[in-house]
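Each residue of the sequence shown is one higher than the one before, counting from 58 in this note's numbering.
Have a look at the structure below, then the notes.
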Amino acid sequence: MANINSSSVVAAASLIGRSLYILASDNNDMHSSVLDAINVNTSLVEELMGCLLSCEPGLSCEMVNNYIAPANVCPSHYVGVVVGEPSFKLYLGYVDDVSRFVWNFLADRTSTPKESASSSCSKDCTNEDEVCIRAEINGKGVCVISTTRYFLTRRY
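Right, dumping it as structure tokens:
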């Protein structure tokens, strides 16, 4: 991780965020105050880099442990594809720690609040538009509304 500059990652993320806003809104005003308000959470980027790009703290970091129970401390960077969610129907040995964490993290960050926040789960949620996140932690996950589905890494 020593050769990756977090400020460069933050700058790239800011550029991508602003570009996506311009593309999604058809706003051609490059000096819009909205563009200036699009900022990247620097501490989150640095924490994610520490968790996902090195063995120290690696997957033993608090953020990862809030979502999954990792099998390894050092993150794997193997690339593969499986469509869907990392449910318990899928043999978890095929879905690596990084994929399970990223799926849980993104489902959480892109979810919309539910009216009843007390919906817990151990693997599946009752409503089709919900997914169960954080289910690996003591078998007590939370159902969140998320229509977004992710492509996950799978080992064969």
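Virtual Cβ for every residue (Gly too), placed ideally from N, Cα, C.
These numbers come from a predicted model, not from an experiment.
Here DSSP, grouped into helix, strand and coil, assigns SER100 to helix. The criterion of a C-beta distance shorter than 9 Å is satisfied by VAL201 and ALA164. In the three-state reduction of the DSSP assignment, SER117 falls in the helix class, which pools H, G and I. Sequence-distant Cβ neighbours of SER71 in its own chain, meaning closer than 8 Å and more than five residues away, are ILE95, ASN96, VAL97.
CA-to-CA, the gap between ASN123 and GLY115 works out to about 14 Å.
A Cβ-Cβ distance of about 5 Å is found for the pair LEU109 and PRO132, placing them in contact under the 8 Å criterion.
Just so you know, the alpha carbons of ASP83 and THR183 end up roughly 38 Å apart. According to the DSSP secondary-structure assignment, GLU187 is paired through a beta bridge with ILE202.
In the DSSP secondary-structure assignment, SER71 is not bridged to any residue.
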